[in-house]
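All remarks here apply to the structure that follows.
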DNA sequence: GCATCAAGTTTCCTAAAGGAACATATTGTT
DNA sequence: AACAATATGTTCCTTTAGGAAACTTGATGC
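Protein chains in written order, with our numbering: chain F, 1 to 206; chain L, 1 to 206.
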């Protein structure tokens with residue numbers, strides 16, 4: 001008696017493959033011919049008797065004529081429903097970098113889609129900053145106090161006044177400076193691709 | 001004499017994993033602990049000596065803290081690189097709903113990962129609001145002016161003062177009210193997963 | 001210098017992937 | 001009903017995935 005695999009993760013690749021194949025109107029043989037995988041292996045995959053390797057996952061997606069993401073939980077891991085985190089003014093976690101003093105907000109929540117911060121911009125000149133920073137994701141900035149200069153790789157510098165907001169792609173090099181004599185303060189939200197989803201991956205031990 | 005695999009498809013999973021791991025600052029052992037895969041297997045994967053199975057691909061992505069699509073080349077949702085949008089104070093697009101007056105910011109950019117808004121909360125009583133709203137995504141709120149009451153499905157109401165911020169999962173029913181006598185004003189960022197990267201999957205019909 | 005510890009690799013072995021051929025549904029045709 | 005037809009499942013077997021532990025390699029003490 002063979003044991004089923006992979007279903008214990010709640011993924012059910014087999015059902016997904018069977019569904020995609022059925023919707024496309026292919027037989028197992030056809031998918032086998034189109035993918036280069038043997039019919040027997042495809043049958044086993046559909047019955048969750050076999051966990052295909054990386055190479056065969058790529059071939060299988062080709063054979064089914066679907067995007068690879070269709071073979072993985074397209075319903076992205078649903079974040080925990082119903083979380084809430086409150087940070088009172090000034091009560092965040094402070095981090096001091098070369099150019100910024102950051103107050104990380106709601107940092108008790110992990111695996112967030114966004115990271116909100118307040119920042120004091122201590123740099124007033126571009127040279128204080130060094131090179132522009134670039135990383136995956138997108139950012140929103142609202143000026144809370146003072147004037148802010150936004151430097152970006154592909155645009156001329158622009159100065160923001162209190163209440164102004166800006167949205168930009170952070171894969172583009174960027175830096176924020178105080179434009180006035182005082183340090184400016186901003187509200188800053190970053191959306192990162194790869195939120196640090198620290199999740200245990202415990203095999204269910206019976 | 002071992003042969004390399006998978007590279008013949010031009011995918012180079014190993015290099016990709018190595019890059020992702022390096023960027024995240026993990027050691028092989030750390031990824032092993034986070035993923036539940038043995039260090040030796042991860043080493044082999046990085047050197048293209050082993051093609052991981054479906055289950056281990058999922059675990060590996062978890063261990064690296066990245067989305068599965070990061071491990072496949074084809075499925076790169078291309079975010080436009082280098083966009084920037086500026087909205088001066090008061091110059092957003094105004095939308096008036098039953099309980100809010102919203103100023104949509106940076107609305108000239110489409111396919112954003114986040115939607116920033118300013119909102120005036122015109123409702124002062126829960127009954128003015130009706131039922132709680134719930135939708136996919138996560139939200140950040142910063143109180144700019146006045147006092148705000150946040151009603152949520154699973155928590156007791158809480159009152160926020162100026163400068164306070166809150167993060168919550170918007171799949172949980174929620175509503176925002178002005179707690180003081182004046183209408184409160186907030187900065188509001190919503191992250192929705194609208195990343196509908198749907199691709200044609202045309203079977204070559206004979 | 002040697003000892004030590006950490007990061008990564010290799011070896012050895014077992015358990016699982018996956019192909020070829022066979023076995024069993026399932027469906028249509030007379 | 002029997003008989004083809006094809007579609008799917010199973011068995012047997014070889015190759016490969018992947019874990020445990022031994023082995024490099026490199027950096028840091030003493």
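Think of the CB as a built atom: it goes at the ideal place given N, C-alpha and C, for glycine as much as any other residue.
Length of the line joining the Cα atoms of residue i and residue j
i              : j              : result
residue 24(L)  : residue 111(F) : 15 Å
residue 220(L) : residue 38(L)  : Here chain L has residues from 1 to 206 only, and residue 220(L) is not among them.
residue 64(F)  : residue 19(F)  : 10 Å
residue 70(F)  : residue 28(L)  : 29 Å
residue 120(F) : residue 101(F) : 5 Å
residue 97(F)  : residue 91(F)  : 18 Å
residue 104(L) : residue 51(F)  : 47 Å
residue 57(F)  : residue 47(F)  : 15 Å
residue 117(F) : residue 126(L) : 29 Å
residue 12(L)  : residue 32(F)  : 24 Å
residue 242(L) : residue 49(L)  : Only positions 1 to 206 of chain L appear in the structure, and residue 242(L) is not among them; the question remains open.
residue 42(F)  : residue 59(F)  : 11 Å
residue 36(F)  : residue 40(L)  : 29 Å
residue 158(F) : residue 82(L)  : 15 Å
Cβ pair residue i, residue j closer than 8 Å
i              : j              : result
residue 140(L) : residue 189(F) : yes
residue 73(L)  : residue 93(L)  : no
residue 142(F) : residue 26(L)  : no
residue 192(L) : residue 148(L) : no
residue 99(L)  : residue 128(L) : yes
residue 109(L) : residue 167(F) : yes
residue 161(L) : residue 89(F)  : yes
residue 182(L) : residue 113(F) : no
Cut-off 8 Å between Cβ atoms - residues of its own chain near residue i, not counting five sequence neighbours on either side
i              : result
residue 134(L) : 153, 170, 171, 172, 173, 174
residue 84(F)  : none
residue 17(F)  : 42, 45, 46, 60, 64, 71
residue 136(L) : 170, 171, 192, 193
Own chain partners of residue i with C-beta closer than 6 Å, once the 5 adjacent residues on each side are dropped
i              : result
residue 123(F) : 99, 129, 177
residue 34(L)  : 63
residue 30(L)  : none
residue 68(L)  : 61
residue 180(F) : 146, 147
residue 87(L)  : 105, 106
residue 115(L) : 190
Cβ shell of residue i (< 7 Å), same chain only, five flanking positions each side left out
i              : result
residue 165(L) : 140, 141, 142
residue 132(L) : 151, 153, 173, 174, 175
residue 14(F)  : 45, 46, 47, 48
residue 145(L) : 162, 184, 185
residue 95(L)  : 102, 104
Residue range of the beta strand (DSSP E) that includes residue i
i              : result
residue 107(F) : Counting along the chain, residue 107(F) falls outside any beta strand (DSSP E), and DSSP gives it neither H nor E.
residue 185(L) : 184-191
residue 85(F)  : 84-87
residue 91(F)  : Residue 91(F) -> no beta strand (DSSP E), and no H or E assigned at all.
residue 175(F) : 174-178
residue 119(F) : 114-121
residue 141(L) : 138-145
residue 132(L) : Premise fails: residue 132(L) is in no beta strand (DSSP E) and is neither H nor E.
residue 160(L) : 158-160
Host alpha helix (DSSP H) of residue i (start-end)
i              : result
residue 129(L) : 126-129
residue 98(F)  : First-last for residue 98(F): undefined, no H or E at that position.
residue 167(F) : Segment 165-169 is the beta strand (DSSP E) holding residue 167(F); no alpha helix (DSSP H) there.
residue 40(L)  : 39-46
residue 20(L)  : 13-24
residue 31(L)  : 28-35
residue 59(F)  : 54-64
**Item:** Contact the region 146-157 of chain F vs the region 175-188 of chain F: 3+ CB pairs below 8 Å
**Value:** Result yes; three or more Cβ-Cβ pairs closer than 8 Å.
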